[in-house]
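Novice:
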Amino acid sequence: MGFAKYELIDKNDTSYLKCYGIWRVGTIDKIEKKLLKLKNSKNLTIDAKDIKDLDSSGALLLFLLQKNVQDRGKKAEIINLSPKHKRLLEIVKNNFIQNGKDFKTKRSFLEAVGKSVIDVINYLIDFVGFIGELFVYTLSMFKNPKNFRFKETVYFIQSAGISALPIIGMTSFLVGVVIAYQTIVQLNKFGADIFVVDASAISITRELGPMITAIVVAGRSASSFTAEIGAMKLTEEIDAMKTMGFMPFFFLVIPRVTALIISLPILIFFSDMVGIFGSMVATRAQIGLSFEIFINRLYEVLALKHYIIGIAKGPFFAIIIALIGVFHGLRVSQDTESIGKETTQSVVNAIFFVIVCDALFSIIFTELGI
Amino acid sequence: MKSVVKVENLVTKFGSKVIHNGVNLEIERGEIYAILGESGAGKSVLLKEIIMLLKPASGDIYIFGKNIKNLTAKDEQRIKKEWGVLFQFGALFTSLSIANNIAFLLKEYTKLSKKMIDYIIDEKLEMVGLDASVKYLYPHELSGGMIKRAALARTLALDPKLLFLDEPTSGLDPVGARGFDELISNLRDILDLTIVMITHDLDTIHNIVDEMSILADKKVVASGTLDEILKSNHPFVQKFFKNEYVNTRLRNV
Ligand SMILES: Nc1ncnc2c1ncn2[C@@H]1O[C@H](COP(=O)(O)OP(=O)(O)O)[C@@H](O)[C@H]1O
Ligand SMILES: [Mg+2]
């Protein structure tokens, strides 16, 4: 491919710019900077006779050259243009507009700080509004139960709950193994090996099972809720729904929340089982404690309350995860980038608030002495 | 290398559903060529196959004389720089401002200075009839017609030699649509463009289209200039061109 070339010849009171080669958008970049900076103080004659190929960007460059010289009060003419190129130059000339206006506004530091504070406040206000709306719709649904979308709910139990079983199983098993293994190393120093059952069973049922489950579900479902609803917002599906008189809350929000409220306790139960099994396996491998002895000890030390406390956290975690996922989905504005941003935020916030909630429970239960 | 696009015995299937069964057409350099047909006739699918977004079940497609089946990666890249595609709904990058949408190709494929790119953006916007103040807006802040124009500005950024347009005037107001026609035909005259468009717009067909093909019954059932097409007895042609409304319209223009 040829390039755009030029030659500048100074004559008495006129410079003569001989252009040749291919003047297209992909070939003028080598000369364009130099030419636009050209500061000659004489009249300019641009000879376009040997320009083989010209496109609109090439023509624009010719025009800018001419204009720069004319702006300095000198004469500039373009000669020997073919009729076609002349028409192109005409069009470029007509389309040229002085862009003196600068639309960009720079933000000062103070303004930036102020803006982010306002953003956080708006976020909280929006969230409270969202909760309020959800509350109203949930109440109205109790009055009018046929608004409950049974099929959608079952679908989400399948996709957010049942499909999460393998990954939750695997994670819980490994955590069970690690907990037992680490505990044994410590207890062994005191010859108190058997207490590994107490330690792992209680920590798994009370804390680890619910946490692992919630974190996995937050990663899987908060993100998919946000992305699904966000994409629907982008394509104006939600607006279409509203105009048809369907309430997005009944179709999109309540089924997801309900599905997680139902699924999470079951998933936690599953996680407890597999986690304890992991501990059993690790214990047997490490100190040769048989499954039978492990289970007998389990009967003695694992009070029902630990297990129930763990499961009872499920619905709370479920509400946090589902609401944050859906809320961020609804916050997606009309560009694709915001889907990514909101999805990231929804997962981060869901995990964070699950942990906050767990800490609160921890304090409350300790204070109550349970 | 007379024909810019050539399609030979093209067969397209989705599963067992046959969309095209032996489509042939040839588009010559400098032509404004239209593909017509009922909704669901397979126009968009045909376009997608030509622009290498879909692979046909069998048949050959030649672009600038080269069979797209046997392109090297380098040739493919070069062809893609020489054509522009205007999608039916614009397909602007929603996370970029209009200015950056237009600048995208320029920044990726050329080493032009920022200043020159700015000039080119203004030029293209003006060319498609948009005010320069839309530069810093984002696609979602524009109306449908404006999006179409901005998308055309982006398509024109690299001054392509071959332009594919999917329903370019749908969604534009009548005045805007005629302006669009004029722009397209000017571009063809000045830049030696070849233009392939899918359209239902009778005015566009009448005013600027040189040749066209009618897609029906999984094939091209008629092709040629408007006069040649009007000689066809195919039901679609009868329905589309020969109703009373059109008769009065075509007589009056
Ligand atoms: N990705 C796809 N999978 C299955 N069928 C498709 C797909 N895309 C298009 N079709 C079918 O191909 C046919 C032609 O579609 P299209 O080319 O979009 O029609 P039009 O002529 O209105 O542009 C339609 O019947 C459509 O249902
Ligand atoms: Mg279509």
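Taken in order, these protein sequences are the chains called A and B. Heads up, this note's numbering is the position in the first sequence plus 630, with the first residue counted as 1. Here this note's numbering is used: position 202 in the second sequence is 197, and no number is missing along the way. Beta carbons: idealized from backbone N, C-alpha and C, even for Gly.
#1: Would you give the residue range spanned by the alpha helix (DSSP H) that E223 (chain B) belongs to?
#2: Nearest by alpha-carbon distance to F780 (chain A): which of A:K819, A:F881, A:D902 is it?
#3: Check whether chain A comes within 8 Å of E26 (chain B), counting only Cβ atoms and requiring the distance to be less than that.
#4: Any chance the CB of K38 (chain B) is under 7 Å from a heavy atom of ligand 2?
#5: Run down chain B in chain order and give the residues with a C-beta less than 9 Å from the C-beta of G722 (chain A).
#6: Identify every run of the beta strand (DSSP E) within the stretch 90 to 118 of chain B, keeping only runs that are complete inside it and at least 3 residues long; order them along the chain.
#7: Buried or exposed for H15 (chain B), please, with buried defined as at least 16 other CB atoms from any protein chain shown within 10 angstroms of its CB.
#8: Report all residues from its chain with a CB closer than 7 Å to the CB of G140 (chain B); omit the five preceding and five following residues, and keep chain order.
#9: Kindly list the residues whose CB is nearer than 7 Å to the CB of K641 (chain A), restricted to its own chain and excluding five residues on each side of it in sequence; keep chain order.
#10: So, helix, strand or coil for I209 (chain B), using DSSP?
#11: According to the neighbour-count rule (16 or more other Cβ atoms, all chains shown, within 10 Å of its Cβ), is M862 (chain A) buried or exposed?
#12: Which runs of the beta strand (DSSP E), 3 residues or longer, sit entirely within the stretch 690 to 733 of chain A?
#13: Restricting to Cα atoms, I'd like to know which of A:E866, A:G821, A:M910 is closest to V808 (chain A).
#14: Nearest to I578 (chain A) by CA position, among A:P796, A:K697, A:I761, A:Y937, is which residue?
#15: Please report the distance separating the alpha-carbon of K776 (chain A) from that of F879 (chain A).
#16: Please confirm if the stretch 881 to 890 of chain A is in contact with the stretch 912 to 929 of chain A, defined as three or more CB-CB distances below 8 Å between the two stretches.
#17: Tell me whether M910 (chain A) sits in a helix, a strand or coil according to DSSP, three-state version.
#18: Note down the Cα distance separating H715 (chain A) from V(-1) (chain B), rounded to an integer number of angstroms.
#19: Is any beta-carbon of chain A found at less than 8 Å from that of I203 (chain B)?
#20: Under 8 Å Cβ-Cβ, which residues of chain A neighbour L186 (chain B)?
#21: Could you name the residues of chain B that G656 (chain A) contacts, counting a contact when the two beta carbons are closer than 8 Å?
#22: Check each candidate in B:L31, B:K38, B:E3, B:S34 and name the one with the smallest Cα separation from E21 (chain B).
#23: Is the beta carbon of V977 (chain A) closer than 8 Å to that of A852 (chain A)?
#24: Buried or exposed for E967 (chain A), going by 16 or more other Cβ atoms inside 10 Å?
#25: Mapping the DSSP letters down to three states, classify N774 (chain A) as helix, strand or coil.
#26: Helix, strand or coil, according to DSSP, for G999 (chain A) in the structure here?
#27: Is the beta carbon of V815 (chain A) sitting closer than 8 Å to the one on T913 (chain A)?
#28: Just curious, the beta strand (DSSP E) that D55 (chain B) is in, first and last residue?
#29: Return helix, strand or coil for H195 (chain B), following the three-state DSSP convention.
#30: Is any heavy atom in ligand 1 found nearer than 7 Å to the beta carbon of G35 (chain B)?
#31: Give me the Cα-Cα distance between T675 (chain A) and R717 (chain A), rounded to the nearest whole angstrom.
#32: For the alpha helix (DSSP H) containing E930 (chain A), name the first residue and the last one.
#33: Any heavy atom of ligand 1 within a distance shorter than 7 Å of the CB on G32 (chain B)?
#34: Please name the residue, chosen from B:A36, B:E162, B:M192, that lies closest to F253 (chain B) on a Cα-to-Cα basis.
#35: Assign N818 (chain A) to one of three DSSP states: helix, strand, or coil.
#36: Whole angstroms is fine: what's the gap from L740 (chain A)'s alpha carbon to I748 (chain A)'s?
Specialist: Looking at the atomic coordinates:
#1: First-last of the alpha helix (DSSP H) with E223 (chain B): 221 to 225.
#2: Nearest of A:K819, A:F881, A:D902 to F780 (chain A), Cα basis: A:F881.
#3: Chain A has no Cβ within less than 8 Å of the Cβ of E26 (chain B).
#4: In this structure, the C-beta of K38 (chain B) approaches ligand 2 to less than 7 Å from one of its heavy atoms.
#5: Note that residue 722 (chain A) is Val in the sequence shown here, rather than Gly. The answer, in chain order, is E118, M122.
#6: Listed in chain order, nothing qualifies, since the stretch 90 to 118 of chain B has no complete beta strand (DSSP E) run of 3 or more residues.
#7: When all chains shown are included, H15 (chain B) counts as buried.
#8: Answer for G140 (chain B): G166, L167, D168, G171, listed in chain order.
#9: Closer than 7 Å at the Cβ level, and outside the excluded window around K641 (chain A), lies no residue.
#10: Of the three classes helix, strand and coil, the one that applies to I209 (chain B) here is strand, per DSSP.
#11: Taking all protein chains in view, the Cβ of M862 (chain A) is crowded by 16 or more other Cβ atoms within 10 Å, so the residue is classified as buried.
#12: Within the stretch 690 to 733 of chain A, the beta strand (DSSP E) runs of at least 3 residues that lie entirely inside it are, in chain order, 706 to 709.
#13: The residue from A:E866, A:G821, A:M910 with its alpha-carbon nearest to that of V808 (chain A) is A:M910.
#14: Residue 578 (chain A) lies beyond the stretch modelled for chain A, which goes from 631 to 1000, so this question has no answer here.
#15: Straight-line measurement puts the Cα of F879 (chain A) at about 14 Å from the Cα of K776 (chain A).
#16: Taking 8 Å as the limit for Cβ pairs, the verdict is that the stretch 912 to 929 of chain A does not touch the stretch 881 to 890 of chain A.
#17: Looking at M910 (chain A) - three-state DSSP - the assignment turns out to be helix.
#18: The straight-line gap from Cα to Cα measures roughly 23 Å.
#19: It does not; no Cβ of chain A falls within 8 Å.
#20: Residues of chain A passing the Cβ test: D685, S686, L718.
#21: Within 8 Å Cβ-Cβ: K76, Y104, T105, L153.
#22: Nearest of B:L31, B:K38, B:E3, B:S34 to E21 (chain B), Cα basis: B:E3.
#23: Yes, they are a contact pair.
#24: By the neighbour-count criterion, in which a residue is buried when 16 or more other Cβ atoms sit within 10 angstroms of its Cβ, E967 (chain A) is exposed.
#25: In this structure, N774 (chain A) counts as coil in the three-state DSSP scheme.
#26: Coil, per DSSP.
#27: The Cβ atoms of V815 (chain A) and T913 (chain A) do not sit closer than 8 Å to each other.
#28: Per DSSP, the continuous beta strand (DSSP E) segment holding D55 (chain B) begins and ends at 53 to 58.
#29: Secondary structure at H195 (chain B): coil, using DSSP grouped into helix, strand and coil.
#30: Yes; taking the cut-off as 7 Å, the Cβ of G35 (chain B) has a heavy atom of ligand 1 nearer than that.
#31: The alpha-carbon of T675 (chain A) is positioned some 19 Å away from that of R717 (chain A).
#32: Counting along the chain, the alpha helix (DSSP H) containing E930 (chain A) begins and ends at 921 to 931.
#33: Under cutoff, so the answer is yes.
#34: Since the displayed chain B opens at -4 and closes at 248, residue 253 (chain B) lies outside it and no answer follows.
#35: In the structure shown, the three-state DSSP call for N818 (chain A) is helix.
#36: Between L740 (chain A) and I748 (chain A), the alpha-carbon positions lie close to 12 Å from each other.
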